[in-house]
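Numbering (UniProt numbering), first residue to last: 1 to 108. We treat Cβ as the ideally placed atom computed from N, Cα and C, and that holds for glycine. Here's the structure, in C-alpha coordinates; my notes come after.
What follows is the structure, encoded as C-alpha coordinates:
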(Lines of atoms letter the chains of each structure in order from A and count residues from 1; the text may use other names and numbers.)
(Lines give C-alpha, C1' and ligand atoms only; values in the text may rest on other atoms or scores of the structure.)
Protein backbone atom coordinates (compact mmCIF):
# COMPACT_ATOMS: atom_id res chain seq x y z
CA UNK A 1 0.00 0.00 0.00
CA UNK A 2 1.18 3.51 -0.77
CA UNK A 3 0.19 6.41 1.51
CA UNK A 4 0.40 9.66 -0.45
CA UNK A 5 0.55 12.98 1.39
CA UNK A 6 1.93 16.48 1.17
CA UNK A 7 5.27 17.49 2.67
CA UNK A 8 3.87 18.57 6.04
CA UNK A 9 6.12 18.02 9.05
CA UNK A 10 3.91 15.24 10.39
CA UNK A 11 4.35 13.31 7.12
CA UNK A 12 8.13 13.61 6.95
CA UNK A 13 8.93 12.59 10.52
CA UNK A 14 10.84 9.42 11.36
CA UNK A 15 8.01 8.25 13.64
CA UNK A 16 5.52 8.53 10.77
CA UNK A 17 7.76 6.54 8.43
CA UNK A 18 8.31 3.84 11.08
CA UNK A 19 4.55 3.54 11.63
CA UNK A 20 3.90 3.17 7.90
CA UNK A 21 6.63 0.56 7.61
CA UNK A 22 5.23 -1.37 10.58
CA UNK A 23 1.90 -1.60 8.76
CA UNK A 24 3.40 -2.56 5.40
CA UNK A 25 2.79 0.82 3.78
CA UNK A 26 5.17 2.96 1.79
CA UNK A 27 5.19 6.78 2.00
CA UNK A 28 4.79 8.96 -1.07
CA UNK A 29 4.87 12.75 -1.23
CA UNK A 30 4.08 15.17 -4.00
CA UNK A 31 6.45 17.70 -5.49
CA UNK A 32 6.97 20.90 -3.53
CA UNK A 33 4.56 23.63 -4.58
CA UNK A 34 2.54 21.46 -6.98
CA UNK A 35 -0.95 21.26 -5.52
CA UNK A 36 -2.21 18.93 -8.27
CA UNK A 37 0.19 16.19 -7.12
CA UNK A 38 -1.91 15.73 -4.03
CA UNK A 39 -5.41 16.48 -5.37
CA UNK A 40 -6.82 13.00 -4.70
CA UNK A 41 -5.57 12.95 -1.11
CA UNK A 42 -6.82 16.50 -0.48
CA UNK A 43 -10.23 15.59 -1.89
CA UNK A 44 -10.45 12.47 0.26
CA UNK A 45 -9.53 14.25 3.49
CA UNK A 46 -11.92 17.11 2.67
CA UNK A 47 -14.73 14.58 2.22
CA UNK A 48 -13.78 12.75 5.42
CA UNK A 49 -13.81 15.98 7.41
CA UNK A 50 -17.07 17.30 5.93
CA UNK A 51 -19.01 14.03 6.07
CA UNK A 52 -17.78 12.78 9.45
CA UNK A 53 -15.19 14.62 11.52
CA UNK A 54 -16.84 18.06 11.67
CA UNK A 55 -20.23 16.52 12.52
CA UNK A 56 -19.10 14.72 15.68
CA UNK A 57 -17.49 15.46 19.02
CA UNK A 58 -15.24 12.59 20.02
CA UNK A 59 -14.71 11.96 23.74
CA UNK A 60 -11.33 10.28 23.15
CA UNK A 61 -8.75 9.77 20.42
CA UNK A 62 -9.66 6.10 20.43
CA UNK A 63 -13.31 6.98 19.68
CA UNK A 64 -12.22 9.28 16.84
CA UNK A 65 -9.93 6.62 15.35
CA UNK A 66 -12.66 4.01 15.57
CA UNK A 67 -15.23 6.27 13.90
CA UNK A 68 -12.83 7.22 11.12
CA UNK A 69 -11.80 3.61 10.48
CA UNK A 70 -15.45 2.55 10.32
CA UNK A 71 -16.30 5.44 7.97
CA UNK A 72 -13.50 4.47 5.58
CA UNK A 73 -13.85 0.68 5.67
CA UNK A 74 -17.63 0.33 5.97
CA UNK A 75 -19.05 3.42 4.27
CA UNK A 76 -16.49 5.20 2.05
CA UNK A 77 -15.06 2.11 0.33
CA UNK A 78 -18.13 -0.14 0.28
CA UNK A 79 -21.28 2.01 0.19
CA UNK A 80 -20.51 5.58 -0.87
CA UNK A 81 -20.88 6.16 -4.61
CA UNK A 82 -18.02 8.13 -6.17
CA UNK A 83 -18.65 10.37 -9.17
CA UNK A 84 -15.09 9.85 -10.45
CA UNK A 85 -15.77 6.09 -10.52
CA UNK A 86 -18.95 6.40 -12.57
CA UNK A 87 -21.08 6.41 -9.40
CA UNK A 88 -19.75 3.06 -8.23
CA UNK A 89 -18.03 2.23 -4.95
CA UNK A 90 -14.25 1.75 -4.77
CA UNK A 91 -14.86 -1.85 -3.71
CA UNK A 92 -16.99 -2.52 -6.81
CA UNK A 93 -14.46 -0.91 -9.15
CA UNK A 94 -11.64 -2.92 -7.57
CA UNK A 95 -13.69 -6.10 -8.01
CA UNK A 96 -14.32 -5.29 -11.69
CA UNK A 97 -10.63 -4.65 -12.21
CA UNK A 98 -9.49 -7.84 -10.49
CA UNK A 99 -12.00 -10.04 -12.33
CA UNK A 100 -10.98 -8.51 -15.66
CA UNK A 101 -7.35 -9.53 -15.20
CA UNK A 102 -6.29 -12.71 -16.91
CA UNK A 103 -3.59 -14.83 -15.43
CA UNK A 104 -0.55 -15.54 -17.56
CA UNK A 105 0.32 -19.23 -17.76
CA UNK A 106 3.72 -20.13 -16.36
CA UNK A 107 6.40 -21.12 -18.84
CA UNK A 108 7.16 -24.82 -19.00
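Remark: three or more beta-carbon pairs, one from each stretch, lie closer than 8 Å, so the segment 42-55 and the segment 64-79 are flagged as touching. Between residue 6 and residue 38 a beta carbon distance of about 5 Å is seen, short of the 8 Å cut, so the two are scored as contacting. Within the UniProt domain "Integrase catalytic" (1-98), the complete beta strand (DSSP E) runs of at least 3 residues fall at 2-5 and 26-29.
Between the C-alpha atoms of residue 96 and residue 49 there is a straight-line separation of about 29 Å.
Counting C-beta atoms within 10 angstroms of its own C-beta, residue 58 has fewer than 16 neighbours from the protein chains shown and is therefore classed as exposed.
Contact between residue 28 and residue 3 holds, with the beta-carbon distance rounding to 7 Å and staying under 8 Å. With respect to residue 89, residue 101 sits apart: the two C-beta atoms are not nearer than 8 Å.
In terms of CA proximity to residue 74, 91 leads the group 91, 45, 8 and 31.
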